[in-house]
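In what follows, a single structure is set out as structure tokens and then discussed.
Residue numbers (the UniProt record's numbering): 1 to 863.
Given below as structure tokens:
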């Protein structure tokens, strides 16, 4: 039945709906959670749960068919919700039933007749249903001790930012009760008219328009009845248990309190901060108070910053209270501080906050340290220049702690180590982004000193993680595949910090890079957020090789630490990763193809290393063409990076790559050449855009044309397409180069560009006006258009848009004189292609852009 009514109401169901609802009411009214649930009642409870889910669907989607049943639905749900007093004795299924009862009431309250039906029950709901669900109970205390993560997930929820009657998947009675309380608090009560307005006839309308929310009229007065517990009261105290419920309620009133600044200040000052002064502090209350502060981060007053941060730092350092673990207290305090910083609610003293966090990391357990590492990253990102001077010291502290926690190889790293690496990444990225201008000599000197200190610390950490522990193993062992992305970012930082050969040896860069390349060579745990740092580090490694690898160590064959003990070079290991990445998710394909150009054109391949270059070229070409074949049914965003990657391979070894392509597909070379011509055409989208992309296409098309001519295939469609795309690419390359020259001419060009943009904007506005008068598309046209767009974009995710324009590495190819390559081909053109083979518009554009080609173009014009 639920699957029937959740989307639409069949006519047959309309007829039986009243009788079906009566049956559901009968089942729900028979529930009694006060007595022990019998063994055979599980099926009945499952049916009851499904009945409440059906009521949620009926209220949400089919009101016109259920309005007459709404009073009965409300009464039934309220009756079940009042059994929340027994929650401490209930298992998950009855708890879920009570949760759904609260959800049904929330949904009814969001409907038109909701106020009339539910408002008479507000007081009894608060007193007998909602508050009992919020108060501390025995099950909470058990979960606190036995499973703190489960306790925090249930009782310190992070997903209550959007209080609404339509919220789904709350799952626990407490979360649903908090949500219902928030909906009730935001509900507007009846009009409130002052005595003066009643005496003035002209003020009738004004009096009617003044509405008070139930939060003001009922909820906050109800919560104010419960006093703050006295000193020394423990969790068995009724006052502590009730005040726990009060704090949970305040956390659910975020939307209401955001509109009531004065009330929020009063609550924080009089009802929350005094809890931190209790002796001893109740950890159950303090953890919830921390959570409330985090929930209210967007509406806290600036003048209370000192008191709030002082209280949270006290909670952050709270030790065991009467043998009760304080991990949830530390976790909630850490989360609250992070929320405050992310909402621009800054601490009065960043240094004190850093000192407290670092001290706690050095003395706390692993779970707490993992949380605080994450908090450190937030502090550095939020504090920016106010904490930059402390970053080298912070990095040293974090690295020392992480080194003590590193397990022996090859055991996977625990969460605390992974969070430590993530915190270090936040530190080094903040430091890199703070680099001063070259002309600021004192600041630059201080920054470089810090850079060197951080690089030294990071290198020692990576040596401990990758080299020293592996040396202590009897057999060969690679580092565990933990934190590959973060560790790669740290290695990239170390390489970019090196300024001389002496530092290369001191930091053991070659040894670290070799081990890192060994670890990623057979990587297969592809995740978008976990791989980006690896690709950036590959490019930095090649850059480092160009600057400091005078002996060609990156190209030499080295023994592997893997179990099979195979030998390979650093370039070979990295290339193996790139080859596998080409077949991974779309973003990885983009990044891998970019790395193909870097690996083929940037390294200094000696004569003895040409075999290595040829091998990786063939590997790249095979992987890229196989991936292209999988997306070749329709032009897609992945075409360009894949085809250009093959182009780089082909430029290096034309004969070998042609054979590779034909081995994958009997007509592989022709398929690739035709697709490259298509991508190089001005009609393809996304087409070539950067100067390096266009230059590579021109060089590749020229090589392909020469090869086709040598095979006596003049006049074929493929040769004609390649020639046409070559001419279009030459025109585009000239335009891009001219634009670059114009940008450097003078500063006044910027003003002209601004004026042009304004004119373009005006033109766009006019176009928009014209569009308003255009014929509106039909539903069929709309669906067809979106189907085509989906088919064209299914191979490229939205996140890949930023990478559609990329400057690719060309190495020595960048110095090739394009004119010297193209002119001989233009000379051959009249003999290979008949008049009229190309559109006159293209021929005229070539003649206009390159007047020196005019003598070759005469024969191509139509008679």
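The beta-carbon is built from N, C-alpha and C at its ideal position, and this holds for glycine as well.
Same chain, Cβ closer than 7 angstroms to residue 386, five either side skipped, listed in chain order: Excluding residues within five positions, the ones whose Cβ falls inside 7 angstroms are 350.
Kindly indicate which residue of 664, 649 and 669 has the alpha-carbon position closest to the one of residue 658. With distances taken between Cα atoms, residue 658 lies closest to 669.
Length of the line joining the Cα atoms of residue 252 and residue 180: If you draw a straight line from the Cα of residue 252 to the Cα of residue 180, it is about 9 angstroms long.
Closest to residue 480 by CA distance: which of 427, 406, 526 and 533 is it? In terms of Cα proximity to residue 480, the closest of 427, 406, 526 and 533 is 406.
Out of curiosity, what's the CA-to-CA distance linking residue 843 and residue 655? Near 32 angstroms, if we compare the C-alpha coordinates of residue 655 and residue 843.
At what residues does the alpha helix (DSSP H) containing residue 650 begin and finish? Residue range 639-652 is occupied by the alpha helix (DSSP H) that includes residue 650.
Using the Cα positions of residue 98 and residue 482, report the straight-line distance between them to the nearest angstrom. CA-to-CA, the gap between residue 98 and residue 482 works out to about 42 angstroms.
Tell me whether the region 691-703 and the region 716-730 touch, counting them as touching only if at least three CB pairs, one residue from each stretch, are closer than 8 angstroms. Yes, the region 691-703 touches the region 716-730.
Can you have a look at residue 112 and say buried or exposed, based on whether 16 or more other CB atoms are within 10 angstroms of its CB? Answer is exposed; the Cβ neighbour count stays below 16.
Is residue 567 helix, strand or coil by DSSP? Three-state result, residue 567: strand.
Range of the contiguous alpha helix (DSSP H) that encloses residue 509: Boundaries of the alpha helix (DSSP H) harbouring residue 509: 509-520, taken from the DSSP string.
Can you check whether the CB of residue 277 is closer than 8 angstroms to the CB of residue 328? Note that the C-beta distance between residue 328 and residue 277 is not below 8 angstroms.
Which of the three DSSP states is assigned to residue 321 in this structure? Strand.
Near residue 143, which residues of its chain fall below 6 angstroms by C-beta distance, leaving aside the five closest residues on each side in sequence? For residue 143, where only same-chain residues beyond five positions count, the Cβ hits under 6 angstroms are 150 and 151.
Between which residues of its own chain and residue 624 is the CB-CB distance below 6 angstroms, once the five residues before and five after are set aside? Taken in chain order, the residues that qualify are 582, 642, 645 and 646.
Just list the residues that DSSP pairs residue 213 with in beta bridges. 188, per the DSSP bridge assignment.
Report the residue ranges of all alpha helix (DSSP H) runs contained in full by the region 472-507; include only those spanning at least 4 residues, in chain order. Fully enclosed alpha helix (DSSP H) runs of 4 or longer: 484-497 and 501-506.
Just checking my contact of residue 426 with residue 381 at CB under 8 angstroms: how many whole Å lie between their CB atoms? Contact holds; Cβ gap of about 6 angstroms.
On the CB-based measure, 16 or more other CB atoms within 10 Å of its CB, does residue 854 come out buried or exposed? Under this definition residue 854 is an exposed residue.
To the nearest angstrom, how far is it from the Cα of residue 820 to the Cα of residue 422? In this model, residue 820 and residue 422 are separated by some 51 angstroms (Cα to Cα).
Which one of 228, 705 and 296 has the shortest CA to CA distance from residue 274? Here the closest residue by C-alpha is 228.
Just the Cα atoms here: how many angstroms apart are residue 303 and residue 128? Those two C-alpha atoms are separated by around 38 angstroms.
Tell me, to the nearest whole angstrom, how far the beta carbon of residue 185 is from that of residue 256; I am working on the premise that it is less than 8 angstroms. Right, the Cβ-Cβ distance comes to about 4 angstroms (below 8 angstroms), so this counts as a contact.
Cβ pair count under 8 angstroms reaching 3, the region 456-467 against the region 511-529: Yes, the region 456-467 touches the region 511-529.
I need the boundaries of the alpha helix (DSSP H) containing residue 527, first residue and last residue. Residue 527 -> no alpha helix (DSSP H), and no H or E assigned at all.
At a cut of 8 angstroms, does the region 332-349 reach the region 302-316 through at least three beta carbon pairs? They touch, by the three-pair rule.
Pick out the complete alpha helix (DSSP H) segments inside the region 319-372, 4 residues or longer, and give them in chain order. 327-342 and 350-363, all fully within the region 319-372.
Straight-line gap, residue 394 to residue 282 (C-alpha atoms, nearest Å): Taking the CA atoms as reference points, residue 394 sits about 32 angstroms from residue 282.
Check the DSSP bridge columns for residue 558 and list the partner residues they point to. Answer is 568.
Can you tell which of 650, 389 and 637 has the C-alpha that lies nearest to the C-alpha of residue 451? Among 650, 389 and 637, the Cα nearest to that of residue 451 belongs to 389.
Could you check what DSSP says for residue 281 in three-state terms: helix, strand or coil? In this structure, DSSP gives residue 281 a state outside helix and strand, which the three-state scheme calls coil.
Selection from 576, 806 and 734 that minimises the alpha carbon distance to residue 864: Because the chain in this structure spans residues 1 to 863, residue 864 falls outside the shown range and cannot be described.
With the cut-off set at 8 angstroms, would you say residue 652 and residue 613 are in Cβ contact? Yes, the pair counts as a contact, with Cβ atoms nearer than the cut-off.
Determine the burial state of residue 130: buried for a count of at least 16 other Cβ atoms within 10 Å of its Cβ, exposed for fewer. Around the beta carbon of residue 130, a 10 Å sphere encloses 16 or more other beta carbons of the protein chains shown; the residue is thus reported as buried.
Going by C-alpha distance, which of 441, 436, 369 and 435 is nearest residue 418? Comparing C-alpha distances from residue 418 to each of 441, 436, 369 and 435 shows the shortest one belongs to 369.
Can you check which of these residues, 838, 826 and 81, is closest to residue 852 by C-alpha distance? Closest in alpha carbon position to residue 852, among 838, 826 and 81, is 826.
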